[in-house]
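Engineer: So the protein lines, in turn, are chains A and B. With positions in the first sequence counted from 1, the corresponding number in the numbering used here is that position plus 498. With positions in the second sequence counted from 1, the corresponding number in the numbering used here is that position plus 836.
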Amino acid sequence: MDYGLSEEQLALRNLARRIAEERVLPVRAELDESEDFPWSVLKDLADSDMFRVFVPEEYDGLGGGCLELCLVVEELSRVCSGVAVSYAASALGAYVLLEYGSEEQKQRYLPDIAAGKRLAAFGLTEPAAGSDVAAIKTTAEKVSGGYLLNGTKQFITNGGEAEIYTIIAVTDPSRGPRGASAFIVEKDTPGFTFGKKEKKMGIRASSTRELVFRNCLVPEQNLVGRLGTGFIMTMRILDRSRPGIGAQAVGIAQGALEAAVDYTAQRIQFGQPLISLPVVQQKIADMATRAEAARLLVYATARTIDGGARSFSEESAMAKVFASDAAMKVTTEAVQVCGGAGYMRDYPLEKMMRDAKITQIYEGANEVLRGNIAVAVRKRKARRE
Amino acid sequence: MNIVVCLKQVPGTTEVSIDPETNTLRRGEVKSIINPFDTYALEEGVRIRERYGGRVTAVSMGPPQAAEMLREAISCGADDAVLLSHPAFAGADTLVTSCTLSQAIRKTGEWDVVICGRQTIDGDTGQVGPELAEWLEAPFVAYVTAVEEVTGSTMRVRRMVEDGHEVVEMLLPGVISVVKEINVPRLPSLRGLARARKADIPVWTPEDIGLERDTVGLAASATKVVRVFFPERTRRGEMIEGDPKGQVEALLHRLRSAGIAPGRRDGDD
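1. With a threshold of 8 Å on Cβ separation, who are the neighbours of GLU718(A) within its own chain once the five nearest residues in sequence on each side are excluded?
2. Would you identify the three-state DSSP class for ASN871(B), choosing helix, strand or coil?
3. In terms of residue numbering, what span does the alpha helix (DSSP H) encompassing GLN752(A) cover?
4. Provide the residue(s) that pair with VAL990(B) in DSSP beta bridges, ordered along the chain.
5. Spatial neighbours of LEU567(A) within its chain, please: CB distance less than 7 Å, with the 5 preceding and 5 following residues excluded, ordered by chain position.
6. Taking only beta-carbon atoms, is ILE517(A) less than 9 Å away from chain B?
7. Tell me where the beta strand (DSSP E) around SER679(A) begins and ends.
8. Do we get a CB-CB distance below 9 Å when we pair ALA509(A) with the residues of chain B?
9. State the CB to CB distance for the pair ILE1018(B) and ALA1058(B), rounded to an integer number of angstroms; the pair is presumed to be in contact (CB under 8 Å).
10. Can you check DSSP and say which residues form a bridge with PHE690(A)?
11. Using the Cα positions of ILE869(B) and THR930(B), report the straight-line distance between them to the nearest angstrom.
12. Just to confirm the assignment, what range does the beta strand (DSSP E) spanning CYS842(B) have?
13. Based on Cα-Cα distance, which residue from LYS844(B), PRO1009(B), GLY1053(B) and VAL1015(B) lies nearest to CYS935(B)?
14. Between which two residues does the beta strand (DSSP E) carrying GLY649(A) extend?
15. Please state the DSSP three-state secondary structure of THR664(A).
16. Please decide whether LEU906(B) counts as near chain A, where near means a Cβ-Cβ distance under 9 Å.
17. Ignore the nearest five residues each way along the sequence and tell me which others in GLY862(A)'s own chain have a CB closer than 6 Å to its CB.
18. Which residues in chain A sit within 7 Å of PRO1024(B), going by Cβ to Cβ distance?
19. Mind checking the stretch 1015-1047 of chain B against chain A and listing, in chain order, the residues whose C-beta falls within less than 7 Å of any C-beta there?
20. Hey, could you find the ends of the beta strand (DSSP E) GLY953(B) is sitting in?
21. Does LEU560(A) get closer than 9 Å to chain B when you measure Cβ to Cβ?
22. If we call anything under 9 Å between Cβ atoms a contact, is ILE1037(B) one with ASP874(B)?
23. When you compare only the Cα positions, how much space is there between GLY889(B) and GLY988(B)?
24. With 9 Å as the threshold, decide whether the Cβ of ARG576(A) is near any Cβ in chain B.
25. Kindly identify the DSSP beta-bridge partner or partners of PRO847(B).
26. Pull up the distance between the alpha-carbon of THR857(A) and that of GLU831(A), whole angstroms please.
27. Quick one: is VAL581(A) near chain B, going by C-beta distance under 9 Å?
28. Once DSSP output is grouped into helix, strand and coil, what is the label at ILE854(B)?
29. Check this for me: beta carbons of ASN713(A) and GLY689(A), under 9 Å apart or not?
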């Protein structure tokens, strides 16, 4: 398939693939088993300028867009999506700054994020606020010298490892969804600690932790964007980052497809390779078609965003929903065609199946996103578009 | 620090054919790579520059397509690169290669250290490094596993010897050859790739480095490869089939009939 990628984009994809194959593949199983954070791989990614991809040139980045980020995430995810999400979460943590930060805030944080010296993270979810994001309880009370943060964030990717956190907190409880704001909180700020590290089904190399704020004083200058726009910014940022989850899912699907083809081509049953059996061929064909369709939807959405579209909620939800469902289906079928070997932990497929599941859940559960798509479709019909 | 790293482009696989006329490798047919040992030399050069400042210049002699390898060297951290390429350079033995490289290194300007891989994977001689030091009238330390410290005029390195390590202090300018234990070479960076795409890599001919054509290449080589061939297989393995007991008996029978094992003893089954 010709994806119409530029020479630079192809070089980026090739380098990301090389890092994945040379530096991630040898430690993939070990990271999954130990649940250790992949610092050495992230160092390799930093050395190769991968964290510069999503940062504008004026802050030491390379000025890539959504598509460039998707290409890197896809290639890493093809080998290990636990590593891929640790990388992508830094981009998500930087996005609010990138889009809404002041010049001073950008100068202060983005060059370190671009160099991969410091990881970023985004803190929205709370014990009582998952899909119901407006239910967040973490408060930021205006005091002299800044804002006092109190509350607990849950399931935060890169929690404990990142040094720069974008935190959404309620600044005016009386205003509901218009009463939340975004803050940059640096690791080691007094009153900011980490709760338990979660044990997960998949993406086990990544760190998922609670962030605990107890009278954590954040200076006034760390407020990002206007007071009260926390939710609006969050919704727009998630629209922008969601194709990245789609890319993660495409990578998982691609990795599973390739592993399944390799295995079924060399596994002899009934006197022939499994892949010669029509029933296996039918499955492989469907897997390949799903992965390809998902990739095209993700790339098209990324290009829509990079082209400067004003609204892309519907497209980015579609890309994420379709690709994550494809990844789940493809990995499940890949385990199935490889039979016992697919189920065993000595082979990579069961990990890919475990990893795929999260893509249907995080950055907007697929059910919530389908609801959003349906609303958008109805509105379009009403507008006779 | 002005650091020069010598790189050679070598065939990427072992399936290469040999030109029966010149008895040299046919390089056009297979995918080429940087000689793996040279990647450690490049990485060490870049690390020395990162610690002490300076420039890393990659130098190679080879066909025009070796420029691509030099671009890869730039993407992995070299500041600039020079290619020695001309039909007259072809077929050089190690003596002429090292002489040619030494002239090129002199032409790059003031230099402090030259770093080579311990040997190439195609020629396998390991001679170019030490010969280069001779031509440059500089000290040489082989099989370096660590560069411990560099001062203005000396370099302290650890080198591998048969039963351990030696720490050697060398006067600069000097030449070292490195082994793979010294580092893990980095992958290219995106900024490096962008620089490599735009880099202007000069191609030098014998005249450019002040050498007459009859002092380079095959013409000037002190040694000639007379013949390259695959050795005839004089020994052949034989697989003995059967169950373990039968296999042992068959093996013993063969060893005895060859007069290698003693004959049957009492009590043998």
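Think of the CB as a built atom: it goes at the ideal place given N, C-alpha and C, for glycine as much as any other residue. Keep in mind that this is a model prediction, so the values were computed, not measured.
Structural biologist: Taking the definition as stated:
1. GLY643, GLY644 and TYR645
2. coil
3. 728-764
4. Correcting the residue type first, residue 990(B) is Thr in the shown sequence and not Val. According to DSSP, which records beta bridges pairwise, THR990(B) is partnered with LEU1007(B).
5. VAL551, PHE552, ALA589 and GLY742
6. yes
7. 678-684
8. yes
9. Between ALA1058(B) and ILE1018(B) the Cβ distance is about 31 Å, and since that is not below 8 Å, they are no contact.
10. PHE711(A)
11. 20 Å
12. 838-842
13. GLY1053(B)
14. 644-655
15. strand
16. no
17. none
18. LEU513 and SER546
19. ARG1022, LEU1023, PRO1024, SER1025, LEU1026, ARG1027 and LEU1029
20. 949-953
21. yes
22. no
23. 12 Å
24. no
25. SER868(B)
26. 17 Å
27. no
28. strand
29. yes
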